[in-house]
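Visitor:
Rendered as structure tokens:
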């Protein structure tokens, strides 16, 4: 089957590499000169910075990244993190998010025995939901066959542990906010949970869906690893694997239009020509996909402006650091707000990875939530825009230095990124990152947009993060391959590539 993938983010590359391994003819069109999208690593003055302050989890046995290696043949060069991250609450000792049995002692120290009932509930629900997600369940179901598969998966998962009380509890939790299950009066716990949910579910405990939130809080327990070369090396490895299976990635090739005929997506048009396909996978946000479809865009792709409220403000700094490699990710909760949030996330390159920075320096990425609209308005007023960017960058660095004195000794140089930066480099509408706030299990869009067209990325279940978008990509690959295998009408003709030149196709930039 001829498959065109728009966008070389983690969702698109996961689907592409899995389908190429299954024998399909796959071409990925990427507007940038690097793969990875929001999970790319870029070079600046000898340092390789991760585009976002993030961590790579899900490498546990049977976890999302282990499944991705199995599905694609990729082999990721990583080292296990001793501590997934440290969360710094105002006036308190850092809470260390261990991924093993030490977490039980750490949370008891930090939040006391009255919080244990919540943690037992959270871990039991996370185990169930991660198992559900790694079955690549077709959620939300779009066809009778999806519903049958979904029911079969749910029955298998519940068979060993199900009883009437659990089933009733799950039904109630599926429509409840996670805050309902937090003990009253434990403000440190609530502050911790709110901070963790903001970076994993795009909302806090008063709004986050209970089951999704339980799962999102669990990523540090799912084997966090440090990636040699930076987080973007995952996308490079998937690109390499894709080409090894006969597929290809065409960089600097921006899609301008998806051709729809008689209700079916048929081709992708770029400046270089038209690419015919039996199936198209769009690793895009819904608004960006709607733009490519024009008058053919279904109403489901419309995202209310209120749900595209936040983006990221980032600082990339080359720093002198005395930090060892036990803990390289830090979430810092502040007493006063930085931009529109009161927390920042810091990711430091490992000392052992000499590809990330010149000798004596480490690559640091800082990130905080910020509203999109003010930045987009200021973009037309360059002096004011640059002044606000410099001011907020200085605040982030000052706050990080104060909270992490051993991590940041001195700053050799730094640069900042705003939602406008993400818009320009990732082509995400408005610079919107992270997807929708996970307030309901129905927030994630159904991946089958129309006949011949599929959506992957952080807008489909199970949402944001490297692990989640990889799962979403594999799930679409399984469904698409299943549709093809059961159909005798799908064309197996050669690619129609006229007049796209193969000379611009390359597996690595």
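In our numbering, the protein residues as written are 1 to 509. Glycine included, every Cβ here is placed at the ideal spot set by N, Cα and C. These numbers come from a predicted model, not from an experiment.
Does DSSP classify residue 245 as helix, strand or coil?
Guide: As a working mapping, residue 245 is identified with position 245 in the chain shown. If DSSP states are grouped into helix, strand and coil, residue 245 belongs with coil.
Visitor: May I ask you to report which of helix, strand or coil DSSP gives residue 136?
Guide: Position 136 of the chain shown, counted from the start, is the residue given in the question as residue 136. Coil at residue 136, not helix or strand.
Visitor: Between residue 451 and the rest of its own chain, which residues show a CB-CB distance below 8 Å, the 5 nearest in sequence each way excluded?
Guide: As a working note, residue 451 is residue 451 in the chain shown. Contacts found: 263, 264 and 265.
Visitor: Do you know whose CA, among 323, 134 and 331, lies nearest residue 360's CA?
Guide: To locate residue 360, count along the chain shown from 1; it is residue 360. Cα-wise, what sits closest to residue 360 is 323.
Visitor: For the beta strand (DSSP E) holding residue 215, just list the boundary residues, first then last.
Guide: On the chain shown, residue 215 is found 215 positions in, with the first residue counted as 1. Taken as a continuous stretch (DSSP letters only), residue 215 belongs to no beta strand (DSSP E), being part of the alpha helix (DSSP H) at 210 to 216.
Visitor: Just checking my contact of residue 97 with residue 220 at CB under 8 Å: how many whole Å lie between their CB atoms?
Guide: On the chain shown, residue 97 is found 97 positions in, with the first residue counted as 1. On the chain shown, residue 220 is found 220 positions in, with the first residue counted as 1. So it is a contact: roughly 4 Å between Cβ atoms.
Visitor: Output the boundary residues of the alpha helix (DSSP H) element that contains residue 461.
Guide: Mapped onto the chain shown, residue 461 falls at position 461. Where residue 461 is concerned, there is no enclosing alpha helix (DSSP H), given that its DSSP letter is neither H nor E.
Visitor: Counting Cβ pairs closer than 8 Å, one from the region 401 to 418 and one from the region 464 to 475, do we hit at least three?
Guide: No: fewer than three Cβ pairs fall under 8 Å.
Visitor: Per DSSP, which one or two residues make a beta bridge with residue 368?
Guide: Looking up residue 368 in the chain shown gives position 368. DSSP lists 313 as partners of residue 368.
Visitor: When the distance is taken between beta carbons, is residue 459 closer than 7 Å to residue 431?
Guide: One-based indexing of the chain shown puts residue 431 at position 431. One-based indexing of the chain shown puts residue 459 at position 459. No, the Cβ-Cβ distance between residue 431 and residue 459 is not below 7 Å.
Visitor: What is the residue span of the alpha helix (DSSP H) that residue 426 lies within?
Guide: Translated into positions along the chain shown, residue 426 becomes position 426. Unbroken alpha helix (DSSP H) run through residue 426: 419 to 426.
Visitor: Only counting runs of 4 or more residues, tell me where the alpha helix (DSSP H) segments fall wholly within the region 275 to 309, in order along the chain.
Guide: Within the region 275 to 309, the complete alpha helix (DSSP H) runs of at least 4 residues are 286 to 293.
Visitor: Taking the continuous alpha helix (DSSP H) assigned at residue 469, which residues delimit it?
Guide: Working through the chain shown from its first residue, we reach residue 469 at position 469. First-last of the alpha helix (DSSP H) with residue 469: 466 to 485.
Visitor: What are the boundary residues of the beta strand (DSSP E) that residue 384 is part of?
Guide: Within the chain shown, the letter at position 384 stands for residue 384. Where residue 384 is concerned, there is no enclosing beta strand (DSSP E), although the alpha helix (DSSP H) it sits in stretches over 382 to 403.
Visitor: Closest to residue 78 by CA distance: which of 295, 443, 226 and 257 is it?
Guide: Stepping through the chain shown from its first residue, residue 78 is reached at position 78. With distances taken between Cα atoms, residue 78 lies closest to 226.
Visitor: Just tell me which of 388, 279 and 424 has its CA closest to the CA of residue 4.
Guide: Indexing the chain shown from 1 puts residue 4 at position 4. For residue 4, the nearest C-alpha among the options comes from 279.
Visitor: Over the uninterrupted beta strand (DSSP E) stretch that includes residue 83, give me the two end residues.
Guide: Counting from one through the chain shown, the residue named residue 83 turns up at place 83. Counting along the chain, the beta strand (DSSP E) containing residue 83 begins and ends at 83 to 88.
Visitor: When we look at the beta-carbon of residue 424 and count the other beta-carbons within 10 Å, is it buried (16 or more) or exposed?
Guide: Taking the first residue of the chain shown as 1, we reach residue 424 at position 424. Residue 424 comes out exposed.
Visitor: Between residue 25 and residue 251, is the Cβ-Cβ spacing less than 7 Å?
Guide: Translated into positions along the chain shown, residue 25 becomes position 25. Translated into positions along the chain shown, residue 251 becomes position 251. No; because the gap between Cβ atoms is not below 7 Å, this pair is not in contact.
Visitor: Which one of 178, 17, 9 and 10 has the shortest CA to CA distance from residue 478?
Guide: As a working mapping, residue 478 is identified with position 478 in the chain shown. For the residues 178, 17, 9 and 10, the minimum Cα distance to residue 478 belongs to 17.
Visitor: Compute the Euclidean distance between the alpha carbons of residue 83 and residue 11, then round it to the nearest angstrom.
Guide: Taking the chain shown and counting its residues from 1, the one referred to as residue 83 is at position 83. Taking the chain shown and counting its residues from 1, the one referred to as residue 11 is at position 11. Rounded to whole angstroms, residue 83 to residue 11 spans 26 Å at the Cα level.
Visitor: Identify the residues that DSSP records as bridge partners of residue 47: which are they?
Guide: Counting from 1 along the chain shown, the entry for residue 47 is found at position 47. According to DSSP, residue 47 bridges with 44.
Visitor: Considering residue 72, what are the terminal residues of the alpha helix (DSSP H) in which it resides?
Guide: Locating residue 72 in the chain shown gives position 72, counting from the first residue. Note, residue 72: alpha helix (DSSP H), 64 to 72.
Visitor: Using CA atoms only, rank isn't needed, just tell me which of 49, 186, 149 and 75 is closest to residue 237.
Guide: Here residue 237 is taken as the residue at index 237 of the chain shown, counted from 1. For residue 237, the nearest C-alpha among the options comes from 75.
Visitor: Just to confirm, are residue 344 and residue 415 a CB contact at a threshold of 7 Å?
Guide: Along the chain shown, one-based indexing puts residue 344 at 344. Along the chain shown, one-based indexing puts residue 415 at 415. No, they are not a contact pair.
Visitor: Would you tell me roughly how many angstroms separate the C-alpha atoms of residue 136 and residue 234, rounded to the nearest one?
Guide: To locate residue 136, count along the chain shown from 1; it is residue 136. To locate residue 234, count along the chain shown from 1; it is residue 234. The straight-line gap from Cα to Cα measures roughly 20 Å.
Visitor: Assign residue 399 to one of two classes, buried (16 or more other C-beta atoms within 10 Å of its C-beta) or exposed (fewer than that).
Guide: Here the question's residue 399 lines up with position 399 in the chain shown. That one is buried.
Visitor: By the DSSP assignment, the beta strand (DSSP E) with residue 450 in it spans what residues?
Guide: Here residue 450 is taken as the residue at index 450 of the chain shown, counted from 1. That run of the beta strand (DSSP E) goes 448 to 450.
Visitor: Could you spell out the range, first to last residue, of the beta strand (DSSP E) harbouring residue 80?
Guide: Within the chain shown, numbered from 1, the residue matching residue 80 stands at position 80. Residues 78 to 80.
Visitor: Straight-line CA distance for residue 384 to residue 117?
Guide: The residue labelled residue 384 in the question sits at position 384 within the chain shown. The residue labelled residue 117 in the question sits at position 117 within the chain shown. Whole-angstrom Cα-Cα distance: 50 Å.
Visitor: Check whether the region 292 to 311 touches the region 435 to 447, counting contact only when three or more Cβ pairs, one atom from each stretch, lie closer than 8 Å.
Guide: Yes, the region 292 to 311 is in contact with the region 435 to 447.
Visitor: Between residue 131 and residue 157, is the Cβ-Cβ spacing less than 7 Å?
Guide: Position 131 of the chain shown, counted from the first residue, corresponds to residue 131. Position 157 of the chain shown, counted from the first residue, corresponds to residue 157. The answer is yes: Cβ separation under 7 Å.
Visitor: If distances are taken between C-alpha atoms only, which option among 134, 256, 102 and 380 comes closest to residue 62?
Guide: In the chain shown, residue 62 corresponds to position 62, counting from 1. It is 134 whose Cα lies nearest to the Cα of residue 62.
Visitor: For the region 44 to 60 against the region 287 to 297, do three or more pairs of beta-carbon atoms, one drawn from each stretch, fall closer than 8 Å, so that the two count as touching?
Guide: Too few Cβ pairs lie closer than 8 Å, so no.
Visitor: Buried or exposed for residue 101, going by 16 or more other Cβ atoms inside 10 Å?
Guide: In the chain shown, residue 101 corresponds to position 101, counting from 1. So residue 101 ends up on the exposed side.
Visitor: Pick out whichever of 249, 240, 155 and 70 has its Cα sitting closest to the Cα of residue 8.
Guide: Working through the chain shown from its first residue, we reach residue 8 at position 8. Closest by alpha carbon: 249.
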